[in-house]
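Note that my numbering has the sequence shown beginning at 809, numbered continuously upward. Where is the CB? At the ideal position from N, CA and C, for every residue including glycine. See below for the structure under consideration.
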Amino acid sequence: MNTEHVMKIAAAAACDVSYNQAANGHLVDLFAALPLPGTPEGRDFWDSLRDVAGHAALIVDPANAGGPFFDYLLDGNEAGIAGRVLSFLEELDDQQRDAVAQLIGGALDHNTFVAGGRYLGNLWLRDAETSAWQVLLASRRTHDTAEDRERFLEAWRNA
809 MNTEHVMKIA
819 AAAACDVSYN
829 QAANGHLVDL
839 FAALPLPGTP
849 EGRDFWDSLR
859 DVAGHAALIV
869 DPANAGGPFF
879 DYLLDGNEAG
889 IAGRVLSFLE
899 ELDDQQRDAV
909 AQLIGGALDH
919 NTFVAGGRYL
929 GNLWLRDAET
939 SAWQVLLASR
949 RTHDTAEDRE
959 RFLEAWRNA
């Protein structure tokens, strides 16, 4: 291994970390657009989410997920929140997903977002799903070694 190889590995690792942090930041932004827990609007929203999403809501419910839900990001547990988001979405059946989309769309600030209702909620859900997937994918790559990357590149070169 020479200096050029080390530089390429460092650059790839930095990209993965930056990508992961950006996706995590975006997940936080998505949740920040929802009514805040502990406020009257937030209590109504999260109670309604439990009503329409059933057991799945417990995965992301502030009272169940724990107060430091987003503090985990600061501690380097990025995949934990992304995993919870994907687990929540996976647990929803089609009816529940539609009801959750309607609830989220109704809760978003319509002065900020020009659309409304279920459409906005569906955008929020798709965005949360994609962002969470990106976090998990980037987290997986941080465990790759230089040998793993070289084996990947060699396999593609020889295909």
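Cβ-based neighbour list, residue i, same chain, cut-off 6 Å, excluding 5 preceding and 5 following
i, result
"ILE867", "ARG892, SER895, PHE896"
"GLN942", "ALA831"
"ILE912", "GLY929, TRP932"
Range covered by the alpha helix (DSSP H) that runs through residue i
i, result
"GLY913", "902-915"
"VAL860", "848-861"
"LEU961", "954-965"
"PRO870", "870-873"
Assigned exposure category for residue i - 16 Cβ within 10 Å defines buried
i, result
"LEU961", "exposed"
"ALA861", "buried"
"ASN832", "buried"
"ALA963", "exposed"
"PRO843", "buried"
"ALA907", "buried"
"ALA822", "Because ALA822 carries a pLDDT of 44, less than 50, the predicted location of this residue cannot be relied on, and no value is offered for it."
Residues of its chain near residue i, where Cβ-Cβ distance is below 8 Å and the 5 sequence neighbours each way are ignored
i, result
"ASP869", "TRP854, LEU857, ARG858"
"LEU838", "TRP932, ASP935, ALA936, SER939"
"PRO845", "ARG851, TRP854, PRO870, ALA871"
"PRO848", "none"
Cβ-Cβ separation, residue j to residue i (assumed contact under 8 Å), whole Å
i, j, result
"LEU944", "ALA890", "5 Å"
"LEU928", "LEU916", "5 Å"
"GLY925", "GLN910", "6 Å"
"GLN904", "ALA864", "7 Å"
Spatial neighbours of residue i in its chain, beta-carbon cut-off 7 Å, leaving aside the 5 residues before and after
i, result
"TYR880", "GLY888, ILE889"
"ARG965", "none"
"ASP956", "none"
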